[in-house]
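**Student:**
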Amino acid sequence: MSVDSELGVDPKHGIHLLRQMLRVRRFEEKCVELYSAEKIRGFLHVYIGEEAVATGVLEALDREDSVVTTYREHGHALLRGVSAEKVMAEMYGKVDGCSRGRGGSMHLFDKATRFFGGNAIVGGGIPLAIGVALADKLRGDNHVTACFFGDGAVAEGEFHESINLAALWKLPVLFCCENNLYAMGTAIERAQSQTDLALKAASYGVPSWPVDGMDVVAVENAARRAVEAIKAGGGPYFLELRTYRFRAHSMFDPELYRDKVEVKEWMKRDPITVFTERLRGAEAISHDDLTALEREAADEVARAVAFAEASTDEPVEQLTRFVYSEANVS
Amino acid sequence: MKTTYREAMRAAIRDAMQRDDRVFVMGEDVGRYGGCYAVTMGLLKEFGPERIRDTPLSESAFVGAGIGAALNGMRPIVEVMTVNFSLLALDQIMNNAATLLHMSGGQFNVPVVIRMTTGAGRQVAAQHSHSLEGWYAHIPGIRIVTPATLEDARGMLWTALVDPDPVLIFENGTLYNTSGELADDAGPVDIDHARVRRDGHDVSLITYGGTLPATMRAAEELAADGLEAEVVDLRTLRPLDEETFLASVRKTHHAVVIDEGWRSGGISGEISARIAENALYDLDAPVVRVCGAEVPIPYPRHLEQAAIPNTSRIVAAARELVGVHA
Chain X
73 MSVDSELGVD PKHGIHLLRQ MLRVRRFEEK CVELYSAEKI RGFLHVYIGE EAVATGVLEA
133 LDREDSVVTT YREHGHALLR GVSAEKVMAE MYGKVDGCSR GRGGSMHLFD KATRFFGGNA
193 IVGGGIPLAI GVALADKLRG DNHVTACFFG DGAVAEGEFH ESINLAALWK LPVLFCCENN
253 LYAMGTAIER AQSQTDLALK AASYGVPSWP VDGMDVVAVE NAARRAVEAI KAGGGPYFLE
313 LRTYRFRAHS MFDPELYRDK VEVKEWMKRD PITVFTERLR GAEAISHDDL TALEREAADE
373 VARAVAFAEA STDEPVEQLT RFVYSEANVS
Chain Z
968 MKTTYREAMR AAIRDAMQRD DRVFVMGEDV GRYGGCYAVT MGLLKEFGPE RIRDTPLSES
1028 AFVGAGIGAA LNGMRPIVEV MTVNFSLLAL DQIMNNAATL LHMSGGQFNV PVVIRMTTGA
1088 GRQVAAQHSH SLEGWYAHIP GIRIVTPATL EDARGMLWTA LVDPDPVLIF ENGTLYNTSG
1148 ELADDAGPVD IDHARVRRDG HDVSLITYGG TLPATMRAAE ELAADGLEAE VVDLRTLRPL
1208 DEETFLASVR KTHHAVVIDE GWRSGGISGE ISARIAENAL YDLDAPVVRV CGAEVPIPYP
1268 RHLEQAAIPN TSRIVAAARE LVGVHA
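Here the protein sequences line up with chains X and Z, keeping their order.
This note's numbering applies: residue 73 is where the first sequence begins, and numbers increase by one.
This note's numbering applies: residue 968 is where the second sequence begins, and numbers increase by one.
1) Should residue 998/Z be flagged as near chain X, meaning a C-beta pair shorter than 9 Å?
2) Short of 9 Å Cβ to Cβ, which residues in the segment 1025–1040 of chain Z face chain X?
3) What residue from 111/X, 126/X and 295/X has the CA that sits closest to residue 420/X's CA?
4) Per the contact definition of three or more C-beta pairs closer than 8 Å, is the segment 988–995 of chain Z in contact with the segment 1135–1154 of chain Z?
5) Using the C-alpha atoms, what's the distance from residue 1115/Z back to residue 1180/Z?
6) Please report whether the beta-carbon of residue 983/Z lies at a distance below 9 Å from any beta-carbon of chain X.
7) Quick one: residues in its chain with C-beta nearer than 8 Å to the C-beta of residue 1227/Z, no 5 flanking neighbours on either side, listed in chain order?
8) May I ask you to report which of helix, strand or coil DSSP gives residue 1000/Z?
9) Taking just the CA atoms, how far does residue 1078/Z sit from residue 1128/Z?
10) Between residue 188/X and chain Z, is there a C-beta pair that is closer than 9 Å?
11) Please list, in chain order, all residues of the same chain as residue 1270/Z whose beta carbon is under 6 Å from its beta carbon, the five residues on each side excluded.
12) Which residue's Cα is closest to the Cα of residue 1174/Z: 1207/Z, 1124/Z and 1043/Z?
13) Please confirm whether residue 225/X has its beta-carbon closer than 9 Å to some beta-carbon of chain Z.
14) Looking only at its own chain, which residues have a Cβ that is under 7 Å from the Cβ of residue 969/Z, when we skip the five neighbours before and after it?
15) What does residue 1157/Z reach in chain X if we use C-beta pairs closer than 9 Å?
16) By Cβ distance below 8 Å, which residues in the same chain neighbour residue 1262/Z in space, the five residues on each side in sequence not counted?
17) Under a three-way DSSP split, which group does residue 1130/Z fall into?
18) How would you list, in chain order, the residues of chain Z whose beta-carbon sits under 7 Å from the beta-carbon of residue 233/X?
19) Does residue 252/X pass the burial test, meaning 16 or more other C-beta atoms within 10 Å, or should it be called exposed?
20) Which term fits residue 93/X, buried or exposed, when burial requires 16 or more other beta carbons within 10 angstroms of its beta carbon?
21) Quick one: is residue 158/X buried, meaning 16 or more other Cβ sit within 10 Å of its Cβ, or exposed?
22) Excluding five sequence neighbours on each side, which residues of the same chain lie with their C-beta closer than 6 Å to the C-beta of residue 1036/Z?
23) For residue 1208/Z, which residues in chain X fall below 8 Å Cβ to Cβ?
24) Whose CA, out of 1282/Z, 1272/Z, 1210/Z and 971/Z, lies closest to the CA of residue 1223/Z?
25) Using a Cβ distance threshold of 8 Å, determine whether the segment 188–205 of chain X contacts the segment 130–146 of chain X, with at least three qualifying pairs required.
26) Could you please give the first and the last residue of the uninterrupted beta strand (DSSP E) stretch that includes residue 222/X?
27) Please specify which runs of the beta strand (DSSP E), each continuous and at least 3 residues long, are wholly inside the segment 1135–1214 of chain Z, giving them in chain order.
28) For residue 1293/Z, would you say it is in contact with chain X, using Cβ-to-Cβ distances shorter than 9 Å as the test?
29) For the putative contact between residue 237/X and residue 1022/Z, defined by C-beta atoms under 8 Å, what is the C-beta separation to the nearest angstrom?
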């Protein structure tokens, strides 16, 4: 891959990164709309503003690697290769959803892409990720488990227990802390005695560093460096991906806890508009290219909505399925 | 051969480790120390530190890691020192192990086995002595087994490991030193059914786990009075095999439920309700319960013993129920 020195990335790959971020952004915008239209119910947490994080990190993974994530995970699922149709049908609670509609927005799962779920207990997915990585290590499989969680999770005991265990056992885990500065409505300085989260992680003997989470290229480079080191047997790595959520925490959040000026300031660093300008500045993308990317993203969303609309409800007689396994799979 | 409950459990772990490379043990002090209750003594030397893994004191992380490893193809046996400590991992057990299969629409089953010690009787006071297996039995998605005999201590583990879903094994601490004869070829046993441990036709004594020995002794005492008690060992608290205890109640027309757990909101209430729902008109008298007293388990021996079911309380309850007064 030829890296354009001004752009910091191969132009073709740059367009790919932009496409990925746009797919997530347009999908999430549609979700907000469908929530207002009462097609999607429950809690809905969108990733708008944070797209560069999952886009950059997931570029660094192979198919055999694993992903464990949070309840703000629609983007991660799409980027990992779960179809927009299946994700949207899940939001609709339909049987064709990636979790047969039983999980909803917060619990997207997909075995085929080793997507071990959206976990809606803050910090609750981290021990699972340790275990997924332990299984790989015990089998001698050289894979990485990427574990996404927010800054809020760093206050949870499960984070500290898990990173300690991962470091102690040199497990192949990439800890991806999506630091968007707020644990729901609680600002990081009101929740963390040490707000430098990379420093905190480093105290466990885990190589850790902060990354500009609004810069997709910086994220991808950091993730590739970490994944390479992990696969070389370096044990776990921790990335503090500094980002910002442009929308409310969930659709119920009136955003009383943060200043609109602060939000506006961060929006100037929108990972999509900034990167688009960067590509244009390097003459790596044309107006027509951009139009095409937008059309692709819009088409994908339209297909997803049509699929979800056409999908059926699971028959209520099947309510108690999947509490226990139906076939002996061991 | 002569053996103990502890040795039978260890033999079960060794057998599982030999049968299946995917099986490994992890927990606090399971390796060098040999296990808090010495169940895993010697296994580190036999299988090495990769498969007999000492963990830091971090129940949530290592129980969760067991769940994660199970999701990714392994067959972990996670040991939690006592049931009270398992509360530190309750998030992982309840929110992950029990829900992942369902939330994922059937994609991700969790073949993990979590073993822990339960129960009172050893003067270790209110943070090491509770009987919360009935609590856990409230949760759909997990299986709760309570081996009370040498055969079950030897045989339930392998069946639990073969089960595609999470199984919690509750080992009552008073049982570890129980000794007796176990067949040389003892092996896996089913974990689906309750078992009648003693036939009788006058009263059904329904229990499980740590109170089975006291209940068996109670049945012997009752026999001396001419009362033939049938003892039902539930063995598995979820899913509950109601057919076995309902059949017994339909035969004896009297039911005493014995549970070391607290009466209020406990598994004894569930069993009583099922009897009421399904066999009310077979009863000659209301169901009677002999349960743990509604206190945190106290340290002094006399108070602790007063807080848990014992043979004389079971005998007295059964006599009163069937109208025989000594």
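Backbone N, C-alpha and C define an ideal beta-carbon position, used for all residues, glycine too.
**Tutor:** Based on what the coordinates show:
1) Taking the second sequence and counting its residues from 1, one reaches residue 998/Z at position 31. Taking Cβ atoms only, chain X never reaches closer than 9 Å to residue 998/Z, which makes this a no.
2) When C-beta distances to chain X are compared with 9 Å, the residues of the segment 1025–1040 of chain Z below that value are 1025, 1026, 1027, 1028, 1029, 1030, 1031, 1032, 1033, 1034, 1035, 1036, 1037, 1038, 1039 and 1040, in chain order.
3) The displayed coordinates of chain X run from 73 to 402. Any statement about residue 420/X would go beyond what the structure contains.
4) The segment 1135–1154 of chain Z vs the segment 988–995 of chain Z: no contact.
5) Within the second sequence, numbered from 1, the residue matching residue 1180/Z stands at position 213. Within the second sequence, numbered from 1, the residue matching residue 1115/Z stands at position 148. Cα to Cα, residue 1180/Z sits roughly 8 Å from residue 1115/Z.
6) Here the question's residue 983/Z lines up with position 16 in the second sequence. Output row for residue 983/Z: interface = no.
7) By 1-based counting over the second sequence, the position of residue 1227/Z is 260. Around residue 1227/Z: 1086, 1087, 1098, 1139, 1176, 1177, 1178, 1258, 1259, 1275 and 1276.
8) As a position in the second sequence, residue 1000/Z is number 33, starting the count at 1. Reduced to three states, the DSSP call for residue 1000/Z is coil.
9) The residue given as residue 1128/Z occupies position 161 in the second sequence. The residue given as residue 1078/Z occupies position 111 in the second sequence. For residue 1128/Z and residue 1078/Z, the distance between alpha carbons rounds to 7 Å.
10) Position 116 of the first sequence holds residue 188/X. At least one chain Z Cβ lies under 9 Å of residue 188/X.
11) On the second sequence, position 303 is the one that residue 1270/Z refers to. Around residue 1270/Z: no qualifying Cβ.
12) The residue labelled residue 1174/Z in the question sits at position 207 within the second sequence. It is 1207/Z.
13) Residue 225/X sits at position 153 when you count from the first residue of the first sequence. Chain Z, which has no Cβ nearer than 9 Å to the Cβ of residue 225/X, makes this no.
14) For this step, residue 969/Z is matched to residue 2 along the second sequence. These residues qualify, in order along the chain: 1146 and 1148.
15) Taking the second sequence and counting its residues from 1, the one referred to as residue 1157/Z is at position 190. Here the premise fails: no neighbours, minimum Cβ distance about 14 Å.
16) For the purposes of this step, residue 1262/Z is taken as the residue at position 295 of the second sequence. Within its own chain, the residues whose Cβ lies closer than 8 Å to the Cβ of residue 1262/Z, once the five positions on either side in sequence are excluded, are 1274, listed in chain order.
17) Taking the first residue of the second sequence as position 1, residue 1130/Z is located at position 163. Coil.
18) On the first sequence, residue 233/X is found 161 positions in, with the first residue counted as 1. Within chain Z, the residues near residue 233/X are 1025, 1027 and 1028.
19) Locating residue 252/X in the first sequence gives position 180, where the first residue counts as 1. By the 10 Å Cβ count, residue 252/X comes out buried.
20) Locating residue 93/X in the first sequence gives position 21, where the first residue counts as 1. Buried, because 16 or more other Cβ atoms sit within 10 Å of the Cβ of residue 93/X.
21) In the first sequence, the residue the question calls residue 158/X occupies position 86. Classification for residue 158/X: buried.
22) Taking the first residue of the second sequence as 1, we reach residue 1036/Z at position 69. Contacts found: 1043.
23) Translated into the one-based positions of the second sequence, residue 1208/Z becomes position 241. Result: empty, since nearest Cβ-Cβ is about 15 Å, beyond 8 Å.
24) The count along the second sequence starts at 1 and reaches residue 1223/Z at position 256. The residue with the shortest Cα to Cα distance from residue 1223/Z is 1282/Z.
25) yes
26) As a working mapping, residue 222/X is identified with position 150 in the first sequence. 217–222 is the extent of the beta strand (DSSP E) around residue 222/X.
27) 1146–1148, 1162–1165, 1170–1174, 1196–1200 and 1203–1205
28) Taking the first residue of the second sequence as position 1, residue 1293/Z is located at position 326. A caution first: residue 1293/Z carries a pLDDT of 48, below 50, which makes its placement in the model unreliable, though a value can still be read off. With respect to chain X, the C-beta atom of residue 1293/Z has no partner C-beta closer than 9 Å.
29) Counted from its first residue, the first sequence places residue 237/X at position 165. Counted from its first residue, the second sequence places residue 1022/Z at position 55. The Cβ separation is near 7 Å, so the contact holds.
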